[in-house]
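K.L.:
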Amino acid sequence: PEIYPIFKKGRIAASYTQGDFDGDGDFDLVVANPSEAEVVLFLKEGQRYAAPKHFPSFSSISSIVSGRFYDQKASQLVMVSAEEKTVGESVLGERGRLIFPKVLDFKAGDPVVCEALDLDRDGFDELAIVSEVQGDYTLSVVRPLDRKQVRSGWEILLSLDLEGVKRKPTSIRSVDVFAEGSTGLMIFIPREAPLFFASKPGQSDQLFEVAKESAIRQNLLKDSQPSQVSFFDVTGNGQNELIVGRKGYARALALVEDDFVMVDQFNARQGEDEVSAVVPLFDSGAVSQLIFYISGANEFQLLERGDDEVFRYARSETVGQINLSGWSNLKSDRGASDSIFYGDSQFWYLPAEAQRWSKSTQGSYETELEDVHYTDVQVTDFNADGALEIVAVDGQKHVVEVLSRDGRDWSSLMYWEVFEQNMHYQGRTGGKLEPRQTVIADLTGDGRLDFAFLIHDRILFYPQD
Numbered sequence: 005p006e007i008y009p010i011f012k013k014g015r016i017a018a019s020y021t022q023g024d025f026d027g028d029g030d031f032d033l034v035v036a037n038p039s040e041a042e043v044v045l046f047l048k049e050g051q052r053y054a055a056p057k058h059f060p061s062f063s064s065i066s067s068i069v070s071g072r073f074y075d076q077k078a079s080q081l082v083m084v085s086a087e088e089k090t091v092g093e094s095v096l097g098e099r100g101r102l103i104f105p106k107v108l109d110f111k112a113g114d115p116v117v118c119e120a121l122d123l124d125r126d127g128f129d130e131l132a133i134v135s136e137v138q139g140d141y142t143l144s145v146v147r148p149l150d151r152k153q154v155r156s157g158w159e160i161l162l163s164l165d166l167e168g169v170k171r172k173p174t175s176i177r178s179v180d181v182f183a184e185g186s187t188g189l190m191i192f193i194p195r196e197a198p199l200f201f202a203s204k205p206g207q208s209d210q211l212f213e214v215a216k217e218s219a220i221r222q223n224l225l226k227d228s229q230p231s232q233v234s235f236f237d238v239t240g241n242g243q244n245e246l247i248v249g250r251k252g253y254a255r256a257l258a259l260v261e262d263d264f265v266m267v268d269q270f271n272a273r274q275g276e277d278e279v280s281a282v283v284p285l286f287d288s289g290a291v292s293q294l295i296f297y298i299s300g301a302n303e304f305q306l307l308e309r310g311d312d313e314v315f316r317y318a319r320s321e322t323v324g325q326i327n328l329s330g331w332s333n334l335k336s337d338r339g340a341s342d343s344i345f346y347g348d349s350q351f352w353y354l355p356a357e358a359q360r361w362s363k364s365t366q367g368s369y370e371t372e373l374e375d376v377h378y379t380d381v382q383v384t385d386f387n388a389d390g391a392l393e394i395v396a397v398d399g400q401k402h403v404v405e406v407l408s409r410d411g412r413d414w415s416s417l418m419y420w421e422v423f424e425q426n427m428h429y430q431g432r433t434g435g436k437l438e439p440r441q442t443v444i445a446d447l448t449g450d451g452r453l454d455f456a457f458l459i460h461d462r463i464l465f466y467p468q469d
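Just so you know, the sequence shown maps onto residues 5 to 469 in my numbering.
1. Roughly how many whole angstroms lie between the Cα atoms of Thr3 and Ser349?
2. Using three-state DSSP, classify Gly23 as helix, strand or coil.
3. Could you check the C-alpha separation between Ile193 and Ser228 for me, to the nearest Å?
4. Give me the residue from Ser329, Pro439, Asp410 and Asp375 with the minimum Cα distance to Val381.
5. Looking at C-alpha atoms only, which residue of Asp129, Gln80, Tyr8 and Ala120 is the closest neighbour of Lys106?
6. If you reduce the DSSP assignment to three classes, tell me which class Ser231 lands in.
7. Can you find at least 3 beta carbon pairs, one from the region 82-99 and one from the region 163-170, that sit closer than 8 Å?
8. Does DSSP put Arg309 in a helix, in a strand, or in coil?
9. Using the three-state DSSP reduction, which class does Ile16 fall into: helix, strand or coil?
10. Which residues bound the beta strand (DSSP E) around Ile459?
11. For Ile103, does the three-state DSSP call read helix, strand or coil?
12. Near Trp361, which residues of its chain fall below 8 Å by C-beta distance, leaving aside the five closest residues on each side in sequence?
13. By Cβ distance below 6 Å, which residues in the same chain neighbour Tyr353 in space, the five residues on each side in sequence not counted?
14. Am I right that Leu121 and Leu189 are in contact with their C-beta atoms under 8 Å? What's the rounded C-beta distance?
15. What is the DSSP secondary structure of Gln359, reduced to helix, strand or coil?
16. Could you say which of Arg101, Gly127, Glu98 and Leu131 lies nearest to Leu108 if we only look at CA atoms?
17. What whole-angstrom Cβ distance do Phe296 and Gly249 have, given they're in contact under 8 Å?
18. If you count every other CB in all the chains shown that lies within 10 Å of the CB of Ala55, and 16 or more means buried, which is it?
19. Going straight from the alpha carbon of Ala197 to that of Asp461, what length do you get?
20. Evaluate the contact criterion for the region 266-278 versus the region 298-308: three or more CB pairs, one atom per stretch, below 8 Å.
21. Take Phe465 and list the residues in its own chain whose beta-carbon comes closer than 8 Å to its own, dropping the five residues that flank it on each side.
22. Rounded to whole angstroms, what's the CA-CA distance from Gly392 to Arg155? Just pull it up for me.
23. Under a three-way DSSP split, which group does Gln222 fall into?
24. With Thr384 as the anchor, note down where its beta strand (DSSP E) starts and where it stops.
25. Just reading off the beta strand (DSSP E) that Ala54 is part of, what are its end residues?
26. For the putative contact between Asp140 and Asp165, defined by C-beta atoms under 8 Å, what is the C-beta separation to the nearest angstrom?
27. Going by DSSP in three states, Leu162 sits in which element: helix, strand or coil?
28. Could you check which residue in Phe270, Val406 and Phe25 has the C-alpha nearest to that of Arg309?
29. Under the three-state reduction of DSSP, which class applies to Thr174: helix, strand or coil?
30. Which same chain residues end up closer than 6 Å to Tyr20 when comparing Cβ atoms and leaving out the 5 residues on each side of it in sequence?
31. With DSSP as the reference, identify every bridge partner of Glu136, one or two as the case may be.
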């Protein structure tokens with residue numbers, strides 16, 4: 005995956021939403037940084053995201069969504085700050101700034117989480133929002149009074165009491181697993197079973213609770229996380245199933261009338277593997293492979309569909325750790341479906357096709373210097389011969405070694421100790437790693453590359469002879 009760091013971890017995890025905010029046809033990404041009272045905009049440029057742009061916003065944003073709430077080409081943004089007890093809307097202005105959000109007052113209680121959905125399927129989105137009043141929770145659906153007037157007033161279409169909910173919902177998602185012509189929602193509640201609401205054909209202005217008495221909802225889906233839940237047609241019958249990852253497996257559920265039915269299961273490599281995400285890979289319109297993200301092992305597991313239609317484990321690839329809060333697909337300009345994994349301080353972008361980085365060992369080198377372990381490396385071509393050299397630094401032993409390459413083999417050109425440690429000195433010693441920064445540039449103006457090391461409170465220069 006391509007890793008995009010955003011900011012340091014905070015008390016509240018980041019919130020994400022995708023939308024075409026600049027109206028160019030590509031899906032951009034907005035991330036709410038709750039610890040810094042800001043939102044971060046990543047505009048899509050081809051197969052990559054442009055450098056992030058930071059804009060002031062509400063503090064402690066707990067939920068953020070994009071949608072087509074108005075008759076505009078570009079997407080609009082709605083965010084909830086549970087700490088400020090505020091809902092606001094924003095758009096990308098003509099000068100490239102996300103406008104500071106305008107407060108929306110629905111008088112429906114303290115907002116908790118929100119989601120966009122096209123309830124009546126008229127091409128415009130409504131906003132579903134969960135609110136709290138003295139420990140009681142309500143689901144409301146609201147929309148602008150005038151779709152042609154950006155930042156017009158909003159009205160409440162419907163409101164439902166969430167009876168029996170004891171804990172504050174953490175997320176609400178629009179899910180497409182209901183009968184044709186129906187739009188629905190899934191509300192996630194810590195240590196409780198999620199709630200499902202859907203419209204009915206011919207009654208698009210109302211929502212009804214679905215699978216209320218379902219044992220599968222109450223047991224298998226209890227305390228499931230948003231990242232563990234996907235919906236896609238894995239059976240090939242033309243209707244999406246709800247796919248939920250659990251410990252050791254993922255299971256496909258179909259909604260039949262007013263209950264969930266288990267229709268298939270996909271086993272992870274080991275029974276103790278916690279499946280944190282299930283991503284489908286399609287071939288000719290059908291699901292041919294599944295990717296599991298296993299949070300405990302920090303790896304992707306690939307499952308392939310066999311001739312008997314069973315998905316079986318094929319191989320694993322270690323990819324690193326991410327505290328996953330969700331994931332989503334986006335349609336690329338190549339017709340393939342790329343994926344984004346959302347974390348609390350970073351996100352991963354997984355292109356569906358080639359033209360991406362992959363890991364391949366092209367050579368290695370182990371120093372012969374005793375007790376030396378590199379903490380930093382820099383790569384450059386010192387003598388302009390077209391071959392790269394490596395400057396390797398051990399910041400704990402304060403040693404620098406220069407390596408050159410001949411074919412696939414690396415060898416040492418030279419090494420030296422930048423300074424010796426005074427074992428009797430009791431004063432300040434600087435950072436744990438010294439040198440703590442290396443700069444390679446033409447520092448003398450003679451056209452040749454030189455060294456500079458940042459050590460303690462000084463800079464050491466090494467001009468090239």
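Ideal placement from N, C-alpha and C gives every residue a C-beta, glycine not left out.
P.N.:
Considering the structure as presented:
1. Here the chain has residues from 5 to 469 only, and residue 3 is not among them.
2. In the sequence shown, residue 23 corresponds to position 19, counting from 1. Reduced to three states, the DSSP call for Gly23 is strand.
3. By one-based count along the sequence shown, residue 193 stands at place 189. By one-based count along the sequence shown, residue 228 stands at place 224. CA-to-CA, the gap between Ile193 and Ser228 works out to about 8 Å.
4. If you number the sequence shown from 1, residue 381 lands on position 377. The candidate whose alpha carbon is nearest that of Val381 is Pro439.
5. Taking the sequence shown and counting its residues from 1, one reaches residue 106 at position 102. Nearest C-alpha to Lys106: Gln80.
6. On the sequence shown, position 227 is the one that residue 231 refers to. In the structure shown, Ser231 sits in a helix (DSSP, three-state: H, G or I).
7. These segments do not touch.
8. Counting from one through the sequence shown, the residue named residue 309 turns up at place 305. In the structure shown, the three-state DSSP call for Arg309 is strand.
9. By 1-based counting over the sequence shown, the position of residue 16 is 12. In the three-state DSSP reduction, Ile16 falls in the coil class, being neither helix nor strand.
10. Here residue 459 corresponds to residue number 455 of the sequence shown, with the count starting at 1. If you look at Ile459, you'll find it in the beta strand (DSSP E) that goes Asp454 to Ile459.
11. On the sequence shown, residue 103 is found 99 positions in, with the first residue counted as 1. Of the three classes helix, strand and coil, the one that applies to Ile103 here is coil, per DSSP.
12. Within the sequence shown, numbered from 1, the residue matching residue 361 stands at position 357. Residue confidence for Trp361 is low, a pLDDT of 47 falling below 50, so the modelled location carries little weight; the figure read from the coordinates is stated next. Within the same chain, Glu6 come within 8 Å of Trp361 by CB-CB distance, once the 5 residues on both sides are set aside.
13. The sequence position of residue 353 within the sequence shown is 349, counting from 1. Excluding positions up to five away in sequence, the list reads Glu6 and Ile344.
14. Here residue 121 refers to the residue found at position 117 when the sequence shown is read from its first residue. Here residue 189 refers to the residue found at position 185 when the sequence shown is read from its first residue. Their Cβ separation, rounded to whole angstroms, is 7 Å, which keeps Leu121 and Leu189 in contact under 8 Å.
15. In the sequence shown, counting from the first residue as 1, residue 359 sits at position 355. Because the pLDDT at Gln359 is just 48, under 50, the model does not fix this residue reliably, and the point stays unresolved.
16. Walking along the sequence shown from the start, residue 108 turns up at place 104. The residue with the shortest Cα to Cα distance from Leu108 is Leu131.
17. Stepping through the sequence shown from its first residue, residue 296 is reached at position 292. Stepping through the sequence shown from its first residue, residue 249 is reached at position 245. In this structure Phe296 is in contact with Gly249, their Cβ atoms being roughly 7 Å apart against a cut-off of 8 Å.
18. Position 51 of the sequence shown holds residue 55. By the 10 Å Cβ count, Ala55 comes out exposed.
19. Mapped onto the sequence shown, residue 197 falls at position 193. Mapped onto the sequence shown, residue 461 falls at position 457. In this structure, the straight-line span from the alpha carbon of Ala197 to that of Asp461 is close to 57 Å.
20. Below 8 Å, enough C-beta pairs join the region 266-278 and the region 298-308 to call them touching: three or more.
21. Here residue 465 corresponds to residue number 461 of the sequence shown, with the count starting at 1. So the list reads Leu447, Asp454, Phe455 and Ala456, once near-sequence residues are dropped.
22. For the purposes of this step, residue 392 is taken as residue 388 along the sequence shown, with counting starting at 1. For the purposes of this step, residue 155 is taken as residue 151 along the sequence shown, with counting starting at 1. The identity of residue 392 in the sequence shown is Leu, whereas the question assumes Gly. Taking the CA atoms as reference points, Leu392 sits about 56 Å from Arg155.
23. Sequence index remark: in the sequence shown, residue 222 carries index 218 (1-based). Three-state DSSP puts Gln222 in a helix.
24. Stepping through the sequence shown from its first residue, residue 384 is reached at position 380. First-last of the beta strand (DSSP E) with Thr384: Asp380 to Thr384.
25. Residue 54 sits at position 50 when you count from the first residue of the sequence shown. Bounds of any beta strand (DSSP E) do not take in Ala54, whose DSSP letter is neither H nor E.
26. As a working mapping, residue 140 is identified with position 136 in the sequence shown. As a working mapping, residue 165 is identified with position 161 in the sequence shown. Indeed, because the Cβ distance is near 7 Å, the residues count as touching under 8 Å.
27. Taking the sequence shown and counting its residues from 1, one reaches residue 162 at position 158. Collapsing the DSSP output to three states places Leu162 in a strand.
28. By 1-based counting over the sequence shown, the position of residue 309 is 305. For Arg309, the nearest C-alpha among the options comes from Phe270.
29. Along the sequence shown, one-based indexing puts residue 174 at 170. DSSP places Thr174 in coil when its eight states are reduced to three.
30. The residue labelled residue 20 in the question sits at position 16 within the sequence shown. The residues are Val35 and Tyr346.
31. As a first step, residue 136 must be located in the sequence shown, where it is residue number 132. DSSP, once it has assigned bridges, lists Asp114 and Tyr141 as partnering Glu136.
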